[in-house]
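Q: Submitted below is the structure of interest, expressed as structure tokens.
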Amino acid sequence: MSRIESVFAALQAQGRKALIPYITAGDPSPVLTVPLMHALVEAGADIIELGVPFSDPMADGPVIQRATERALKFGVSLRDVIAMTAEFRKTNVTTPVVLMGYANPVEAMGYEAFADTAAAAGVDGLLTVDLPPEEADDLVSVLSKRGLAPIFLLAPTTPESRIEKVGELASGYVYYVSLKGVTGAANLDMSEVAARMPLLRKHIKLPIGVGFGIRDGETARAVSQVSDAVVIGSRLIQEIETAGGVDAVERIRSLVSGIRLALDRS
Numbered sequence: 010m011s012r013i014e015s016v017f018a019a020l021q022a023q024g025r026k027a028l029i030p031y032i033t034a035g036d037p038s039p040v041l042t043v044p045l046m047h048a049l050v051e052a053g054a055d056i057i058e059l060g061v062p063f064s065d066p067m068a069d070g071p072v073i074q075r076a077t078e079r080a081l082k083f084g085v086s087l088r089d090v091i092a093m094t095a096e097f098r099k100t101n102v103t104t105p106v107v108l109m110g111y112a113n114p115v116e117a118m119g120y121e122a123f124a125d126t127a128a129a130a131g132v133d134g135l136l137t138v139d140l141p142p143e144e145a146d147d148l149v150s151v152l153s154k155r156g157l158a159p160i161f162l163l164a165p166t167t168p169e170s171r172i173e174k175v176g177e178l179a180s181g182y183v184y185y186v187s188l189k190g191v192t193g194a195a196n197l198d199m200s201e202v203a204a205r206m207p208l209l210r211k212h213i214k215l216p217i218g219v220g221f222g223i224r225d226g227e228t229a230r231a232v233s234q235v236s237d238a239v240v241i242g243s244r245l246i247q248e249i250e251t252a253g254g255v256d257a258v259e260r261i262r263s264l265v266s267g268i269r270l271a272l273d274r275s
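This is how it looks when you write it as structure tokens:
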């Protein structure tokens, strides 16, 4: 059983929902990424999505775009992000780490080289925002041979045929984008999310995480009523941006702890 599968199995047995925070590697500084990852776990994170900085983050709103720009000023690359995961693994061998980003850096590195290096470093999965499932067979095959989970996004506009394709390819979990638009938008409509779930669960037998538009314990708890996991990113990036330096670690720990408490009251 993979680390991701173990986490969801344990949570299901406990009647709890997964908390999956996202941070951008290298933001606000590369030396703070691993301390931030440990703080997330100490605050109650179950899985960490670690963003790979990319120069054209088309699915992201201005908050995560700025985080990416800050990281790129330090020259943070895909290999650097993998190395940060290896550093995290020196003291944490249980919390899954999913790299989230765009296809170009992975293609530039090469599928085989990426999968070998990432698996050796302790990466558990890869979410490529802009790689459609219809073109993902080769990457999925390479990842699966190394025990890495290919994780896909689904949106409110995703047709049923593509949902079915994702159901065939994905492992670990599936990430449902709760609203139309980019990350950081605030127009979360829980009735629309709930209405979409029966169709998703018809084809997706994996846990379903919901993200985009989740900003606090209240919205996280509402989302957890219809999902298996809650993904929160832009709100954390805002906190990191406001704190700026080392204060970001404690502020993230406090914010995520509050969201964890709200989820466990569900």
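Following the numbering used here, the numbering of the sequence shown begins with 10 at its first residue and continues without gaps. For every residue, glycine included, the Cβ atom is placed at its ideal position computed from N, Cα and C.
Report the rounded CA-to-CA distance for A112 versus G181, giving the unit in angstroms.
A: About 19 Å.
Q: Bridge partners for I217 per DSSP, in chain order?
A: For I217, which the question treats as bridged, DSSP gives the partners V183.
Q: Please report the residue range of the alpha helix (DSSP H) in which T251 lies.
A: Residues 243-252.
Q: Suppose contacts are defined by Cβ-Cβ distances below 8 Å. Is A124 in contact with L157 by that definition?
A: Closer than 8 Å, so yes.
Q: Going by C-alpha distance, which of V106, A238, L20, D69 is nearest T42?
A: Closest option to T42, Cα to Cα, is V106.
Q: With the cut-off set at 8 Å, would you say V240 and I29 are in Cβ contact?
A: Yes, the pair counts as a contact, with Cβ atoms nearer than the cut-off.
Q: So V235 and I223 are supposed to be a Cβ contact under 8 Å. How far apart are they, rounded?
A: Their Cβ separation, rounded to whole angstroms, is 13 Å, which puts V235 and I223 out of contact at 8 Å.
Q: Between I55 and A27, is the Cβ-Cβ spacing less than 8 Å?
A: The sequence given here has Asp at residue 55, not Ile. Closer than 8 Å, so yes.
Q: Near T251, what residues of its chain come up, given a Cβ to Cβ distance below 8 Å and the 5 sequence neighbours on each side ignored?
A: If we look at T251 and ignore the five residues flanking it on each side, its Cβ neighbours are R260.
Q: Grouping DSSP H, G and I as helix and E and B as strand, with all else coil, what is T33?
A: Of the three classes helix, strand and coil, the one that applies to T33 here is strand, per DSSP.
Q: Run through DSSP, which three-state label would A27 get?
A: In the structure shown, A27 sits in a strand (DSSP, three-state: E or B).
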